[in-house]
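Inspection log for the structure reproduced underneath, given as structure tokens.
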Amino acid sequence: AQSVTQPDIHITVSEGASLELRCNYSYGATPYLFWYVQSPGQGLQLLLKYFSGDTLVQGIKGFEAEFKRSQSSFNLRKPSVHWSDAAEYFCAVGGFGNEKLTFGTGTRLTIIP
Amino acid sequence: GAGVSQSPSNKVTEKGKDVELRCDPISGHTALYWYRQRLGQGLEFLIYFQGNSAPDKSGLPSDRFSAERTGESVSTLTIQRTQQEDSAVYLCASRLDRAANSPLHFGNGTRLTVT
Numbered sequence: 001a002q003s004v005t006q007p008d009i010h011i012t013v014s015e016g017a018s019l020e021l022r023c024n025y026s027y028g029a030t031p032y033l034f035w036y037v038q039s040p041g042q043g044l045q046l047l048l049k050y051f052s053g054d055t056l057v058q059g060i061k062g063f064e065a066e067f068k069r070s071q072s073s074f075n076l077r078k079p080s081v082h083w084s085d086a087a088e089y090f091c092a093v094g095g096f097g098n099e100k101l102t103f104g105t106g107t108r109l110t111i112i113p
Numbered sequence: 114g115a116g117v118s119q120s121p122s123n124k125v126t127e128k129g130k131d132v133e134l135r136c137d138p139i140s141g142h143t144a145l146y147w148y149r150q151r152l153g154q155g156l157e158f159l160i161y162f163q164g165n166s167a168p169d170k171s172g173l174p175s176d177r178f179s180a181e182r183t184g185e186s187v188s189t190l191t192i193q194r195t196q197q198e199d200s201a202v203y204l205c206a207s208r209l210d211r212a213a214n215s216p217l218h219f220g221n222g223t224r225l226t227v228t
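If you read the protein sequences in the order shown, they are chains A and B. Numbering (the numbering used here) for the first sequence: 1 to 113. Numbering (the numbering used here) for the second sequence: 114 to 228.
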């Protein structure tokens with residue numbers, strides 16, 4: 001069975017500081033990995049995705065993520081956060097021939113001045 | 114172009130009543146999903162439609178839950194005899210095709226409160 005673990009429920013970061021949100025997955029084949037962001041009262045917006053190739057992927061809003069197969073991880077990073085980055089972040093895993101995405105429980109990001 | 118549209122955005126209902134939630138996917142998207150998001154939790158898969166194929170209902174939590182989709186258009190999620198534990202945000206998403214690397218596009222959800 002596939003699963004996603006986001007070990008940090010809530011993270012607080014100062015504006016301008018760097019950010020790393022952790023994501024570990026379990027999947028029996030080559031995974032397709034996604035990060036989504038959810039602002040209050042909104043649906044989920046895709047930040048970035050990994051299917052194959054370069055293990056460092058760039059997304060929107062200055063985010064990037066690195067796929068590490070040996071660690072079954074797909075951590076999300078941003079070098080300098082902005083107050084507008086405060087939101088809930090979800091990691092998800094799927095795969096070839098598997099139409100269902102499995103989501104983690106999310107990490108809530110708070111930005112302090 | 115328009116994104117995924119869900120209605121109503123908020124719904125308050127009494128325990129025991131039936132509710133119907135609506136999702137308008139992006140035009141041309143063949144795949145449609147329903148997820149449930151309980152307060153402080155992740156997304157829980159409910160049901161998946163792909164074109165005219167039989168839907169994957171494996172995530173529906175009980176027989177009180179059902180969903181329909183006509184062709185590649187609107188979908189409705191129906192919850193009969195609502196219970197307080199049904200209170201959640203119900204998210205609909207569509208994708209262009211069944212390819213697993215095709216990203217999901219989400220609506221803003223319907224917040225259901227059962228009193």
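Just so you know, even glycine gets a beta-carbon here, dropped at the ideal spot from N, CA and C. Quick caveat, the model's predicted, so the values are computed rather than measured.
What residue 46 of chain A touches in chain B, judged by beta-carbon distance under 7 Å, is 216, going in chain order.
Chain B has no Cβ within less than 8 Å of the Cβ of residue 64 of chain A. Setting aside the 5 residues that flank it on each side, residue 122 of chain B is surrounded in the same chain by 221, 222, 223 and 224, each with a C-beta closer than 8 Å to its C-beta; the list follows chain order.
Residue 191 of chain B counts as exposed, since fewer than 16 other beta carbons sit within 10 angstroms of its beta carbon.
Rounded to whole angstroms, the gap between the alpha carbons of residue 5 of chain A and residue 204 of chain B is 21 Å. Within the stretch 20–105 of chain A, no run of alpha helix (DSSP H) reaches 4 residues while sitting entirely inside it. Closer than 9 Å at the C-beta level to chain A, one finds these residues of the stretch 153–181 of chain B: 153, 154, 155, 156, 157, 158, 161, 163, 169, 171 and 172. In this structure, residue 218 of chain B and residue 211 of chain B do not form a Cβ contact; the two beta carbons are roughly 15 Å apart against a cut-off of 8 Å.
Residue 197 of chain B carries a helical assignment under DSSP once its states are collapsed to helix, strand and coil. Setting aside the 5 residues that flank it on each side, residue 201 of chain B is surrounded in the same chain by 149, 150, 151 and 225, each with a C-beta closer than 7 Å to its C-beta; the list follows chain order.
In this structure, the straight-line span from the alpha carbon of residue 91 of chain A to that of residue 10 of chain A is close to 14 Å. The stretch 65–80 of chain A makes contact with the stretch 49–57 of chain A; the number of CB pairs closer than 8 Å reaches 3 or more. Interface annotation for the stretch 82–107 of chain A against chain B: 90, 92, 94, 95, 96, 97, 98, 99, 100, 101, 102, 103, 104, 105 and 106, criterion Cβ-Cβ distance under 9 Å. Nearest CB-CB separation between residue 58 of chain A and chain B: not below the 8 Å threshold. In the three-state DSSP reduction, residue 132 of chain B falls in the strand class (E or B).
One alpha carbon belongs to residue 19 of chain A, the other to residue 2 of chain A, and they sit about 26 Å apart. A Cβ-Cβ contact shorter than 8 Å links residue 133 of chain B with residue 189 of chain B.
DSSP places residue 142 of chain B outside both helix and strand once states are collapsed to three, so it counts as coil.
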